[in-house]
Amino acid sequence: MVFRVRTTFIPPFPPEFRPSLHLANSFGHFTMQLGSNFRSPSKRLYHHSCPVATHLIRTPVKALAAPSLLLKTTGPDAVNTVADLRVVTTLTNTGNNTLKLLHHPLTVLSRLPRNNFLISHKLSGAQPRFKGVLVKYKPMASGDEKAYTVLAPDQTISVEHNLGQTYSFTNSGEGEYNISPSKVFYALNANASISSFKAQTSSHSAKISGDLAVSPSRALKSNRTSFNACNAYQRAVIQNAIVAATALVDDVAACLQTMQLPSPRYTTWFGAWDATRKMLVTKRFPQIQTNKFAEFLYDCSTSTELDIMAYVDPMSNTFWNCPVVGTNSQAGTIIHEASHFIFNGATYDFAYGHDRCRALTLKYPNIAVMNADSLQFFAENNPPLL
7 MVFRVRTTFI PPFPPEFRPS LHLANSFGHF TMQLGSNFRS PSKRLYHHSC PVATHLIRTP
67 VKALAAPSLL LKTTGPDAVN TVADLRVVTT LTNTGNNTLK LLHHPLTVLS RLPRNNFLIS
127 HKLSGAQPRF KGVLVKYKPM ASGDEKAYTV LAPDQTISVE HNLGQTYSFT NSGEGEYNIS
187 PSKVFYALNA NASISSFKAQ TSSHSAKISG DLAVSPSRAL KSNRTSFNAC NAYQRAVIQN
247 AIVAATALVD DVAACLQTMQ LPSPRYTTWF GAWDATRKML VTKRFPQIQT NKFAEFLYDC
307 STSTELDIMA YVDPMSNTFW NCPVVGTNSQ AGTIIHEASH FIFNGATYDF AYGHDRCRAL
367 TLKYPNIAVM NADSLQFFAE NNPPLL
């Protein structure tokens with residue numbers, strides 16, 4: 007038996023760390039699915055690892071105007087089933103400079119079902135339950151133009167979003183809803199740095215009635231196959247990663263029992279010492295330790311079905327070319343994915359990468375202990391900290 011996944015933990019978090027999604031076409035993916043011995047409900051997760059193209063553009067040295075975007079949301083005024091609740095976000099470059107907009111998970115430039123809309127009932131204020139995907143995102147230097155969208159001045163692009171696939175309105179009920187998109191975008195600058203900014207946005211309203219949830223497209227198969235559509239090389243890579251991930255979790259669980267606080271390793275990824283937060287971290291790794299990573303299903307096919315439980319899309323072979331251990335490693339990726347399951351602590355993707363995870367600890371340590379990348383970097387401990 008394999009448990010279905012459902013996202014139920016979505017705590018409040020600051021706007022700059024509000025999760026959303028990114029535009030991505032799948033060119034093969036690596037998936038993990040819990041086997042029959044995992045005795046806990048879990049969540050539907052797609053973890054998307056996507057490269058970021060970084061080109062050095064030679065431009066005259068002068069001050070550039072701030073980027074300016076207009077984001078409009080359109081869709082039906084009323085639907086009798088949420089299966090028909092599809093909205094279109096239209097993005098227009100209203101500035102004077104051409105923009106390279108990253109396909110970052112914290113933007114609406116995505117066709118994956120991510121939590122990138124704020125939807126609320128006009129009368130009650132109730133919000134639908136998010137049932138979409140979580141994303142593992144690792145920006146890296148790449149010449150792949152699929153990592154970003156180029157938007158010239160006055161140019162417009164549109165992306166359709168199937169909100170019925172992403173949200174269940176069963177608990178929030180029938181009625182009229184306000185639908186507002188995430189306004190944060192990330193631009194690749196001429197010096198290869200990345201900056202974030204907000205677009206001007208407009209919301210949409212729609213009356214929803216009838217069927218308030220969409221059934222899954224297919225049922226999960228009850229099997230314990232370790233691999234699906236993986237070639238010999240991919241199997242060997244995954245098997246090595248499983249061994250390394252198991253050893254890494256064992257080491258971290260033991261380390262937490264004897265760690266003297268304040269510890270640089272702890273404070274770097276989880277912020278100032280706090281008894282409650284330390285207890286959360288200390289409990290989480292022994293929970294992950296009970297997982298048998300060898301009993302997960304590792305799917306190397308090109309399917310994008312929504313009934314898989316964890317997802318990594320290694321565009322340009324990102325996953326396969328990662329180190330087995332170290333920063334953003336294959337072993338760390340398995341730990342990152344496992345941490346999202348409810349039994350293992352139900353972490354979320356509030357921030358990606360070393361810099362943003364460190365920034366998270368300074369202002370929002372309560373969120374840092376629930377951030378999957380923070381747990382991954384704590385486990386990888388590269389460079390080593392005591």
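Numbering follows the working numbering, with no gaps: position 282 of the sequence shown is 288.
Glycine included, every Cβ here is placed at the ideal spot set by N, Cα and C.
Could you give the DSSP three-state label for Leu91: helix, strand or coil?
Three-state result, Leu91: coil.
Span of the alpha helix (DSSP H) around Asn246
That run of the alpha helix (DSSP H) goes 238-264.
Buried/exposed call for Gln382, threshold 16 Cβ in 10 Å
Gln382 is buried by the Cβ-count criterion.
So what does DSSP say about Gln206, is it helix, strand or coil?
Note: Gln206 maps to strand in three-state DSSP.
State the Cα-Cα distance for the pair Val375 and Ser164, rounded to the nearest angstrom.
Approximately 36 Å between the Cα atoms of the pair.
Where do the ends of the beta strand (DSSP E) carrying Ile163 lie?
Residue range 162-168 is occupied by the beta strand (DSSP E) that includes Ile163.
Own chain residues within Cβ distance below 8 Å of Thr104, not counting five before or after
Within the same chain, Thr104 has close Cβ partners Val156, Leu157, Ala158, Pro159.
Is it buried or exposed for Lys298, if we count other Cβ within 10 angstroms and need 16 for buried?
Taking every protein chain shown into account, the CB of Lys298 has fewer than 16 other CB atoms within 10 angstroms, so this residue is exposed.
Take Asn168 as the anchor and find which of Phe123, Glu180, Gly131, Ala132 has the nearest alpha-carbon.
Relative to Asn168, the option among Phe123, Glu180, Gly131, Ala132 whose CA is nearest is Phe123.
Could you name the residues of the same chain whose beta carbon sits closer than 7 Å to that of Met6, not counting the 5 residues immediately before and after it, in chain order?
A question about residue 6 goes unanswered here, because the residues of the chain that appear run from 7 up to 392.
Can you tell which of Gln293, Leu368, Thr339, Pro389 has the C-alpha that lies nearest to the C-alpha of Phe349?
The residue with the shortest Cα to Cα distance from Phe349 is Gln293.
For Ala212 versus Ala378, is the C-beta distance shorter than 8 Å?
No, these two residues do not count as a Cβ contact at 8 Å.
Out of Pro371, His346, Cys261, Ala253, which one is the CA nearest neighbour of Val331?
Comparing Cα-Cα distances from Val331 to each of Pro371, His346, Cys261, Ala253, the minimum goes to Ala253.
Bridge partner(s) assigned by DSSP for Gly181
Answer by DSSP bridge pairing, in chain order: Ile214.
Would Asp256 be called buried (16 or more neighbouring beta carbons within 10 Å of its own) or exposed?
That one is exposed.
Secondary structure of Lys78, DSSP reduced to three states:
Collapsing the DSSP output to three states places Lys78 in a strand.
Buried or exposed by the 16-neighbour rule on C-beta atoms within 10 Å, applied to Leu29:
Residue placement at Leu29 is flagged as unreliable, the pLDDT there being 27, under the threshold of 50; a coordinate-derived value is accordingly withheld.
Determine the burial state of Val94: buried for a count of at least 16 other Cβ atoms within 10 Å of its Cβ, exposed for fewer.
So Val94 counts as exposed.
Nearest neighbour of Cys340, chosen from Ser199, Ser130, Trp275, Glu386 [CA to CA]
Correcting the residue identity first, residue 340 is Ile in this sequence and not Cys. Taking only the C-alpha atoms, the option nearest Ile340 is Glu386.
Arg135 (DSSP reduced to helix, strand or coil)
Correct three-state label for Arg135: strand.
On the DSSP letters alone, give me the boundaries of the alpha helix (DSSP H) that Ile348 sits inside.
Membership of Ile348 in any alpha helix (DSSP H) is not indicated, and neither H nor E is assigned to it by DSSP.
With DSSP as the reference, label Val287 as helix, strand or coil.
DSSP places Val287 in helix when its eight states are reduced to three.
Using only the alpha-carbon positions, how far apart do Met265 and Tyr370 sit?
Distance between the alpha carbons of Met265 and Tyr370: 22 Å.
Endpoints, beta strand (DSSP E) assigned at Ala193:
Boundaries of the beta strand (DSSP E) harbouring Ala193: 190-194, taken from the DSSP string.
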